[in-house]
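Remarks on the structure that follows.
Protein chains: 2
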Amino acid sequence: MEVVRKNFKETLPLVKESIDKADFLAIDTEFTGLMNGRDVTIFDSPEDYYIRLMNGSSEFLLIQFGMSCFYWDEKRNHYLNDTYNFYLYPRGRPGPDRLFLCQSSSLDFLASNGFDFNKLIREGISYMTSTTETKLRENLAERQLSYSKEKEAVRIPDENRQQIEDICTKVKHFIEKSTDAEMEINRCNSFIRMLLFQELKLRFKDEIIVDTKVLENKNRILKVIRKTADMDDQDTLRKKKEWDELEEAVGFSKVAQMISQSEKLIVGHNMLLDVLHTLGHFFQQLPPDYASFKEFTHCMFPKLLDTKYMSSLPPFKDKLGSSVLTELLSTLGEPPFSLPKIGSRQGRGYSHLDDKEHEAGYDAYITGLCFLAMHAHLARMRGEESDRVVPQSVTLKPFLNKLFLAKTARQDSPYINLVGSEPTPPRDHVFHLVFPKEWQRNDLSQLFSPFGAVTVYFLDECSAFVGLDQRDQAPDVMRALAKNNRVTLTPYYKYKSGGSGSGGSDNEVLYSLLL
Amino acid sequence: MEVVRKNFKETLPLVKESIDKADFLAIDTEFTGLMNGRDVTIFDSPEDYYIRLMNGSSEFLLIQFGMSCFYWDEKRNHYLNDTYNFYLYPRGRPGPDRLFLCQSSSLDFLASNGFDFNKLIREGISYMTSTTETKLRENLAERQLSYSKEKEAVRIPDENRQQIEDICTKVKHFIEKSTDAEMEINRCNSFIRMLLFQELKLRFKDEIIVDTKVLENKNRILKVIRKTADMDDQDTLRKKKEWDELEEAVGFSKVAQMISQSEKLIVGHNMLLDVLHTLGHFFQQLPPDYASFKEFTHCMFPKLLDTKYMSSLPPFKDKLGSSVLTELLSTLGEPPFSLPKIGSRQGRGYSHLDDKEHEAGYDAYITGLCFLAMHAHLARMRGEESDRVVPQSVTLKPFLNKLFLAKTARQDSPYINLVGSEPTPPRDHVFHLVFPKEWQRNDLSQLFSPFGAVTVYFLDECSAFVGLDQRDQAPDVMRALAKNNRVTLTPYYKYKSGGSGSGGSDNEVLYSLLL
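If you read the protein sequences in the order shown, they are chains A and B. Note that the first sequence covers residues 87 to 601 in our numbering. Note that the second sequence covers residues 87 to 601 in our numbering.
Put into structure tokens, the structure is as follows:
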């Protein structure tokens, strides 16, 4: 079910009901970009990984949030899904006018997969962090206290006096001679509108109410409304309108709060960025230190499960080729696995035949489906009879609250553990190497050939991280290359503790050759 | 005429022809945002104005370029217009993957005026600066030199060996047993594709060509093509494809270069930002100093005319109410002015009845139309017979190469003069004031009441610039308030030379009250 600005308010109670009855929620999100600045390197620790993502992703927007709520149908003995696909766009007034980053390749990718940017900008639901929400509520309450007080008038500059007088005369004519309920005043800039607001209120306070009206093309005009006996006074009307506008601006953050408060099991696929953006957009700025991040995340979402992490462990690891979502879905549809039957009420959910890849709602649904197929496989292995998910069961325990780290998984930093410490894989076998600009990959291999094969991660055209496949060779490498005057070799830990180095953008040359 | 990616190449010769035969070009552009950080203040000098815009606008994208070419029809004795509306979007590969800023209110505004963001991202024409173009051309030429050389093979990790072997077996089968011209290899990540590229070339170099194919959803697969006798070798095909892709990526910058090289009169309305973005997007990064900016601009566009500046001078100033483009158009349609007759060839131009406000092509056309109406008025006053525009005529000389400064025009910094110095209005009557946080506008007025009326520009909640209407009171103000221990008063020049101060974002409270 697609949710945009115009059906958000009426959909909110349905969303609440879906969350409440669900055994678990699967989520997926889309962003305007992935990484600003240096990317994660393959040797980064889980903490490094978090810090880089936190710094490099926070200025992008989360523009689509998919949530698939899976609830058990006792009668039919299978799951049903209520799935929501929310378009999100942070509007200004009364929310802050946001500046945000986009990455051209990311928007291009989304557009190729059918993302509707016109719908996003015209109909996206607003949102804000809890921090901003609190501040705006306080500000509005305080500002409204002063409405009845008299304010000092802004002086009318000489050059505008005639225009103001002319319009006041027209309004006087409207009050005395016309029978219309309203009149409009257009062709005024914001300064003139402000002066008119002031002058008209001063002169005709008891006869009219003055309001601004935003036309479809965003031009603003003044509306003069004839006061009637049963009409609330201008201040009361205005206060109500302002609170309504604030509620609309808080928007999707209410859904995020519902999800958090439900404490339900939340399933995502490769969900670290989804989690970071969800926290940073709807709750508060991400904490700069790793321990606080874990605590904060666990506090907001006490049961997270990452299907990408799940699929990287036995008994799935060896049976799944690619863990890219759609390919995972294909594999899980073939023996020894099988996809469970999932239903939905008319117009409320997806089927896996919908083929709307990279639409957040669809991807959330597919994630839930893959999770159920893996869960059923585990349950069968354990001889359990029901396919129903019990979040606190021993079956799921090994997978809970661990977020997969796709870019360092091959180098033994496979996950973030939100409720404990992770393995800290040694980096004794890794070196930072500075080499002559004209060197190529094979010069590096040549240099290290006495010590076996190496994994090279280029930082720029004259520096790289080099990891030895034969880790025990590390002391020999240091000894042998210390005197080489064409290269500078620094053990990884020493390099890291010496600060971030001189910069230059990363080029993961290893994977980008020709392709 | 709308120009997007798919009709760009065929339209380019038409564009060239339109520019060549035009008496003048009117332009307009649309951006993803206006200002990042502190805005111009009403007391800024033209140089300050440039520096702030240069720093605050450069990360936004120019997403639509409108150009209306007005050429004279000798037979009918009036102008015709060829008008182009270009959607622009900087694609990655082979161009750089761009990170850019958006301002939520700006996109919202464009969307409300019918801007099609899906068309932008799916069909926008690419572009790049001349600097990037030169670098990419050099890089590509250099890279292509190395294609024939053997490169050191990337080692196949043990875990991928079986998969590679399986696919090689399938390709062997395709070569020997199949009669198809092509086969596709999918479900491979980029690393596997790279290994396959390498292995397939090594084993079947004489029988097949291996290429990557980008599917509509941006997934990449490998295409294995059976080699035929008349087929260029893989390297030649690839080189040609790469140059074609580079030309497409240079894209709209070719039009910008044509405009520059034509040295035609270019007309814009409030055109400073259009000029800055045009230079910064299609030529090179804007220079950090004001003198170089003027020189650079004049060199690229030797004849610029800003209709907003023109309308701010006699004989127009007093006869025009608002100089907002559409309102200017209305006023210029009424006596003592009149809109000239403009025609166009079928499908090639606009009429002013099209009502596509804020579409860059339409706004460019309207700008040209307003310019012609004002030009005709001047010509009539001078008793000239022809309405035809002669860019080097004395009629236009006072308006040439002066860019209007909308935000400081009221405070006597009305324009940038690209070919000389501007008036440098005194700021002796302006002060930087730090005041207690709880103070309101009327506390400030009170403070200055002995010296007459003031213009206040709030910088944040406890500082402002204050300008005296009675300039000769400045020395008295300084004397009188020096000892006031609740406020700190600093003369404007002294404040400016002391650096930019401690920051805080600008709030132009004057114009934002309630509206």
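Note that the Cβ used here is the ideal one computed from N, Cα and C, for glycine as well.
query	result
Which of helix, strand or coil DSSP assigns to R468 of chain B	coil
CB contact below 8 angstroms: G587 of chain B versus chain A	Its pLDDT being 41, under 50, G587 of chain B is placed unreliably by the model, and the measurement read from it follows with that caveat. Chain A contact via Cβ: absent.
V505 of chain A versus F382 of chain A - alpha carbon distance	11 angstroms
Closer than 9 angstroms at the beta carbon, the chain A residues around Q189 of chain B	G178, D183, R184, L185, F186
Min CB distance S408 of chain B to chain A below 8 angstroms	yes
Cβ separation of E43 of chain A and I307 of chain A, assumed to be a contact under 8 angstroms, to the nearest whole Å	Since the first residue of chain A shown is 87 and the last is 601, residue 43 of chain A is not available in this structure.
Any chain A beta carbon closer than 8 angstroms to D194 of chain B	yes
Chain-ordered residues of the segment 195-213 of chain B with a beta carbon less than 7 angstroms from chain A	F195, A197, S198, N199, D202, F203, N204, I207, R208
Beta-carbon proximity list for L206 of chain A, same chain, < 6 angstroms, skipping 5 on both sides	I149, Y173, Y175
Runs of alpha helix (DSSP H) lying entirely within the segment 258-300 of chain B, each at least 4 residues, in chain order	276-290
Helix, strand or coil at L533 of chain A according to DSSP, with G and I counted as helix	helix
Cut-off 6 angstroms between Cβ atoms - residues of its own chain near Q249 of chain A, not counting five sequence neighbours on either side	none
Element boundaries [alpha helix (DSSP H), containing H384 of chain B]	376-386
Same chain, Cβ closer than 6 angstroms to T218 of chain A, five either side skipped, listed in chain order	none
C-beta neighbour in chain A for R241 of chain B, strict 8 angstroms	yes
E302 of chain A at chain B interface by Cβ criterion, 8 angstroms	yes
According to DSSP, residues forming a beta bridge with G354 of chain A	A:D392
is_contact[A539 of chain A, chain B] using C-beta, thresh 8 angstroms	yes
Near-chain B residues of the segment 119-150 of chain A - C-beta to any C-beta below 7 angstroms	G119, N122
Local conformation of H367 of chain B per DSSP, three classes	helix
K107 of chain B in three-state terms, based on DSSP	helix
With 16 other Cβ atoms within 10 Å as the buried cut-off, status of Y597 of chain A	Annotation note: pLDDT 30 at Y597 of chain A (below 50); position unreliable, coordinate value reported separately. Label assigned to Y597 of chain A: exposed.
Interface partners of S175 of chain A on chain B, CB under 9 angstroms	Checking the sequence shown, residue 175 of chain A turns out to be Tyr, not Ser. The answer, in chain order, is S190, L193, D194.
Cutoff 7 angstroms; reference F94 of chain A; Cβ partners in own chain excluding five residues on either side	I211, G337
Residue ranges of each alpha helix (DSSP H) within the segment 120-149 of chain B, 4 or longer	132-143
8 angstroms Cβ cut-off: residues of chain E touching E413 of chain B	The displayed structure is made up of protein chains A and B, and chain E is not among them.
The ligand GDP heavy atom lying under 7 angstroms from the CB of D183 of chain B	The ligand content of the structure shown is nil, which means the ligand GDP is not present either.
Touch test, the segment 400-413 of chain B against the segment 429-436 of chain B, Cβ-Cβ under 8 angstroms, three pairs minimum	no
Completely contained beta strand (DSSP E) runs for the segment 177-214 of chain A, where each covers 3 or more residues	185-189
Proximal residues of chain B, C-beta to C-beta of E443 of chain A below 8 angstroms	N303
Where M344 of chain A falls: helix, strand or coil (DSSP)	helix
V300 of chain A burial status per 10 Å Cβ neighbour count (16 or more: buried)	exposed
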